[in-house]
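A.B. asks: Before I ask anything, here is the structure I am working with.
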Amino acid sequence: DTGVSQNPRHKITKRGQNVTFRCDPISEHNRLYWYRQTLGQGPEFLTYFQNEAQLEKSRLLSDRFSAERPKGSFSTLEIQRTEQGDSAMYLCASSLPELSQQISYEQYFGPGTRLTVT
Amino acid sequence: DAKTTQPNSMESNEEEPVHLPCNHSTISGTDYIHWYRQLPSQGPEYVIHGLTSNVNNRMASLAIAEDRKSSTLILHRATLRDAAVYYCILRDRGQNFVFGPGTRLSVLP
Numbered sequence: 451d452t453g454v455s456q457n458p459r460h461k462i463t464k465r466g467q468n469v470t471f472r473c474d475p476i477s478e479h480n481r482l483y484w485y486r487q488t489l490g491q492g493p494e495f496l497t498y499f500q501n502e503a504q505l506e507k508s509r510l511l512s513d514r515f516s517a518e519r520p521k522g523s524f525s526t527l528e529i530q531r532t533e534q535g536d537s538a539m540y541l542c543a544s545s546l547p548e549l550s551q552q553i554s555y556e557q558y559f560g561p562g563t564r565l566t567v568t
Numbered sequence: 459d460a461k462t463t464q465p466n467s468m469e470s471n472e473e474e475p476v477h478l479p480c481n482h483s484t485i486s487g488t489d490y491i492h493w494y495r496q497l498p499s500q501g502p503e504y505v506i507h508g509l510t511s512n513v514n515n516r517m518a519s520l521a522i523a524e525d526r527k528s529s530t531l532i533l534h535r536a537t538l539r540d541a542a543v544y545y546c547i548l549r550d551r552g553q554n555f556v557f558g559p560g561t562r563l564s565v566l567p
């Protein structure tokens, strides 16, 4: 399968614990995005990478959140000292870089990791 | 904040066409109009996008008003598998996607 994959698909953790999610993008995609989605809402942008460089972070990404993409391939999103408000679906997406003025490349999303903080 | 307005929900009968509207009165000249949809328990998937001209692909058609302040996603024959939340998003090249709550489409057999 050549789509975006995310692991784990579900994670239940107790408040205060740390969790880490992994995203494997489509192999030729240089850009990788993380989003968070709560029930009944559309996805909210968190951060994105161009290769291994983290180029933008949303103000939603508190200092308890950290994302890495060490070799420009897979990425991890870690949440430290989880809170109940962190319960959400965490989505990863990838795309080609936008090199042309005329083209807006679509993003390909993974199935998400559903986090439940008890 | 999302720069688009969509109805919260719509219903369609199976095998009939569906027209999903989107208003974007503050669109700028370089904003692309993107449509994504999210099936239950899945991540969003790309449907179509356009800038000025109407666009067609195997999934849908995108009709863009002449003043670009509104657009319509057209599913020519709805199937049960088309039941999803449909998001209309404005995005300038290099910017990030800002999703609103979208339109929840129900398809009745």
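Here the protein sequences line up with chains E and X, keeping their order.
The first sequence begins at 451 in this note's numbering and counts up by one.
The second sequence begins at 459 in this note's numbering and counts up by one.
Glycine residues also receive a C-beta, built at the ideal position from the N, C-alpha and C atoms.
#1: Tell me the residue span of the beta strand (DSSP E) that contains G508 (chain X).
#2: Any C-beta of chain X sitting closer than 9 Å to the C-beta of V469 (chain E)?
#3: Specify the secondary structure class of L482 (chain E) as computed by DSSP and reduced to three states.
#4: Using alpha carbons as the reference points, say which of X:F557, X:P465, X:V565 and X:R526 lies closest to E503 (chain X).
#5: Below 8 Å on the Cβ atoms is my contact criterion, and I expect Q530 (chain E) with R465 (chain E) to pass it. Report the Cβ-Cβ distance as a whole number of Å.
#6: What residues in the region 490-509 of chain E bring their beta carbon closer than 9 Å to a beta carbon of chain X?
#7: May I ask you to report which of helix, strand or coil DSSP gives Q467 (chain E)?
#8: Use the C-beta contact count for G508 (chain X): other C-beta atoms within 10 angstroms, 16 or more gives buried, fewer gives exposed.
#9: Report back the beta-carbon spacing between Y558 (chain E) and G453 (chain E) to the nearest angstrom; my notes put them in contact at under 8 Å.
#10: Measuring only between beta-carbons, confirm whether L482 (chain E) sits less than 9 Å from chain X.
#11: Taking 9 Å as the cut-off, decide whether the C-beta atoms of G560 (chain E) and Q487 (chain E) are in contact.
#12: Using DSSP with H/G/I as helix, E/B as strand and the rest coil, what is D513 (chain E)?
C.D. replies: According to the data block:
#1: Note, G508 (chain X): beta strand (DSSP E), E503 to G508.
#2: No, no contact with chain X.
#3: Of the three classes helix, strand and coil, the one that applies to L482 (chain E) here is strand, per DSSP.
#4: For E503 (chain X), the nearest C-alpha among the options comes from X:F557.
#5: The beta-carbon distance between Q530 (chain E) and R465 (chain E), rounded to whole angstroms, is 12 Å. This is too long to meet the 8 Å contact definition.
#6: Those residues of the region 490-509 of chain E that come within reach of chain X (Cβ to Cβ, closer than 9 Å) are G490, Q491, G492, P493, E494, F495, Y498, E506 and S508.
#7: Per DSSP, reduced to three states, the secondary structure at Q467 (chain E) is coil, with no helix or strand assignment.
#8: Looking at its Cβ environment, which holds 16 or more other Cβ atoms inside 10 Å, G508 (chain X) is buried.
#9: Beta-carbon to beta-carbon, Y558 (chain E) and G453 (chain E) are separated by about 7 Å, close enough to satisfy the 8 Å threshold.
#10: Answer no: the Cβ-Cβ gap between L482 (chain E) and chain X never drops below 9 Å.
#11: Between G560 (chain E) and Q487 (chain E), the gap from beta carbon to beta carbon reaches 9 Å or more.
#12: Correct three-state label for D513 (chain E): coil.
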